[in-house]
Amino acid sequence: MKSLADTLWDVVICGTGLQQSLLALALSRSDKKVLHIDPNDFYGGAEAAFSLQEVESWVEKVETGKEGLFEAACLKKLGGDTGLSFPRAYSLALAPQLIHARSTLLSQLVSSRAYRQVEFLAVGSFSIFKPSPDSSQKPTLVRIPSTREDVFSTTAISAKAKRGLMKFLKFVLDYDSTPQTDTWQPHADAPLTEFLLKEFKMDQELQTYIITLTLSLDGKINTRDGLAVIHRHLSSMGMYGPGFAALYPKWGGLSEIAQVSCRAGAVGGAVYMLGTGVKTMNDKDDPIVIELSSGDTIKTRKVVRANESATDRFGINRLVAVVGSSLKSLFESTVEGAPKPAVAIVAFPAGSLSTATGEASTSPVYLSVHSSDTGECPANQSVLYFTTGLEHASQDLLQQALDSFLAALSGDTVPQCLYKLQYKQLQSSAHSQANGSIFDFAPPASALAFDDSILQSVQDAWKMVLGDEAVEEEYLTFADREGAMDDDESV
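Anchor point for the sequence shown: position 349 equals 349 in the numbering used here, and the numbering is continuous, going up by one each time.
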């Protein structure tokens, strides 16, 4: 076997985030010489999933400024280790995202045969948190009706509101056809809430239901983008089975897809080196000369890396909590024949929460509740992922959201919070781009649902690496490898 220095690499991929890992998957049948490195000792980059022990190491790296997209990480074990299982019984995702059933990502995982190695779970109900009207009553969680059956069966809205909601849902299913386009295009850049009020006479409560389905982190999504997101949600319903529109990869979300993609790269001949980064790079030469942190000096024709600098100072606040309850009432199937969901979404609308000083929230808070079926925690526990914008006092609001959610659950006993992790995830307005023989991926988005737009950047990087050999019709379209089991399907 040649040493690293003796090989002229076709491409060096830096980082094992989702975009770099999908590129490794795309190149896995190309016969190209691929060196895939990562300065971290784990896969997944900003989409990684950690055991409790790994979380502690990651927090230390954030504190020393070695995790460029994250800051202000704070870890608390409430009551020490009481109630917690062993560290590797957990797989906490840094940036969990649901994937709509009609996502191009799922189509590419199927066409590349990578889906056989991923187990997908159903995302169940979407609910709204409603604060209690007075101290004598508990706050409540109200399920959002998003199908015809839901609308007819719900008792949360009036008959008149049901008719208006049904009219809107029917409109969205064909929103990109005439005459619907004539209705919404004059309002394309206006807030979706204004369009809902003007064209469908929706009151604020119904508007909140619809805005929640968009998963907009500021609640100010425009009409064009809002209709597109809701259309994707409605058209995804029932694609892989009744009762759900989105899926979540078991064992840590997108981190699992990244690891599966890297395994495919390794099977295809790529060389992997974790704990190894770029020390120096001379991109003036052809081939490019790189000195690795391992001490090796290598030569490569192309380099693909991630831009992990966040200079624009915007992003989100996150809180991850482990609670000592299965929260089984949130994971019940509501449609006959539907699989048991493993994820439930709860929205806290703007104004529904207040800080300790009485300051009301100006942006929504979203909660993704994960059962032990996700593999992210042991049985009889659940993981709560709270997300909101980087507004003033938003970290305090996340704590209020945690307390309010636990108070709203049915039953006389409030579940105990065993573990809590808070941090900020920063973003950048930088775009993916090629510069000569180097391709830079933009930092990952902090959206709550996977954004298919990043897939185009992966394909662009694939074209740069292959050059004239790239055949678009063959992109991520592979036959089964010899020995693959036809019945080993997880989608």
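In this text, a Cβ means the ideal position worked out from N, Cα and C, and glycines have one as well.
When DSSP states are grouped into helix, strand and coil, A407 belongs to the helix group. Look at T212 here: in three-state DSSP terms it is helix. Inter-residue distance for L466 and V110 is about 22 Å (C-alpha atoms, whole angstroms). Three or more beta-carbon pairs separated by less than 8 Å link the segment 5-18 to the segment 247-259, which places the two stretches in contact. K424 counts as buried, since at least 16 other C-beta atoms from the protein chains shown sit within 10 angstroms of its C-beta.
Boundaries of the beta strand (DSSP E) around D440: 438-441. For P87, the secondary structure class from DSSP, reduced to helix, strand or coil, is helix. Rounded to the nearest angstrom, the gap between the Cα atoms of P341 and S329 is 11 Å. Following the DSSP letters along the chain, one finds M464 inside the alpha helix (DSSP H) bounded by residues 454-466. Where M166 is concerned, the enclosing alpha helix (DSSP H) starts and stops at 159-173. Nearest in C-alpha terms to L75, of all of S236, E60, G295, is E60.
Residues of the same chain with a CB within less than 7 Å of the CB of L390, apart from the 5 flanking positions on each side, are F314, G315, I316, N317, K424 in chain order. Between the beta-carbon of C262 and that of A24 there is about 6 Å, and that keeps the pair under the 8 Å contact cut. Rounded to the nearest angstrom, the gap between the Cα atoms of S325 and P133 is 27 Å. Here T212 is not near A95, since their CB atoms are 8 Å or more apart. V260 is a Cβ neighbour of Q117, given a cutoff of 8 Å. Distance from the Cα of V55 is smallest, within the candidate group P39, L35, A89, for A89. Taking the Cα of V335 as reference, the smallest distance to any Cα among P415, D150, L319, T413 is reached at D150. Just so you know, the alpha carbons of M239 and A245 end up roughly 7 Å apart. Closest by C-alpha distance to W462, out of K32, L353, I221, D176, is K32. Our two residues, Y175 and G226, have alpha carbons roughly 11 Å apart in a direct line.
Using a Cβ distance threshold of 8 Å, S404 and L353 count as a contacting pair.
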